[in-house]
Structure formats: structure tokens, C-alpha cells
Amino acid sequence: MNDVEYDELTDQVLLAVEDAIEALDLDLDYESHGGLLSISFPDGSKVIINKQPPLHQLWVATKFNGHHFELKDGVWIDNRTGSEFWALISDAFSKQSGQNVVLADNY
481 MNDVEYDELT DQVLLAVEDA IEALDLDLDY ESHGGLLSIS FPDGSKVIIN KQPPLHQLWV
541 ATKFNGHHFE LKDGVWIDNR TGSEFWALIS DAFSKQSGQN VVLADNY
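So the sequence shown is numbered by the working numbering: it starts at 481 and just counts up by one.
In C-alpha cells:
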């Protein structure tokens, strides 16, 4: 993957997360700027998703821990736990909102 492909793919992921948030019936605020998406929960906690261009990674910071995702066979996988991106952020959103949340890239 070259830098242009990386930028296109990660921009698509960030936009898909924004679309998924809009489809939820939760009181979440989000702000996007410069390759960083910050999602704020009612309890004041945040999930931050940001691009890491030099590494061709997506980083996710939750209330509980941080994750570094790399694209493997077309899927963003956490290089520490092996978790898939959408499954991990669904779990993080569920824990931080106190409600069952399922996010997917189908918007």
C-alpha cells in the first residue's frame, strides 16, 4: 500500500465511523480534524481514532487502553490483540456508553 492508498482507506474508515455514530440512538458528540476523530460520551470519556501515516496504521484510544491497527488482507487488525477494528470499537462504545452498540462499515 502506498501513501495515497493509505490516506484514501483511512479517510473512508473515519467517515464510516462518523456515519455509524449518526445512525446510533445515543447522545454522542464527535469532532473530526486533520486525520483525528474524537468521540465524546455522556460520562465525559472519549474514544479517539487517528491516522498514523508514517506507519500506515490507525490508532484507537479508549477509556481502557490503546490499539494500533494495520491493514491485513483488507481488514484493519489490532497488531497486539488480533481484534478486528469494527468489533473492537463496537465493544469500546458499548462499555463506555453502558449500552449494547454494534458499529459496522455498511453506511
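Glycine is no exception: its CB is placed at the ideal position from the N, C-alpha and C atoms. Bear in mind that the values here come from a model prediction, so they are computed numbers and not experimental data.
| Query | Result |
| --- | --- |
| For PHE549, three-class secondary structure by DSSP | strand |
| With 16 other Cβ atoms within 10 Å as the buried cut-off, status of GLN492 | exposed |
| Reference ASP483, options GLN537, ILE519 and LEU517, closest by Cα | GLN537 |
| Range covered by the beta strand (DSSP E) that runs through ALA541 | 537-541 |
| Under the three-state DSSP convention, the category SER518 falls into | strand |
| Helix, strand or coil at ASP571 [DSSP, three-state] | helix |
| Simplified DSSP assignment, three categories, for SER563 | coil |
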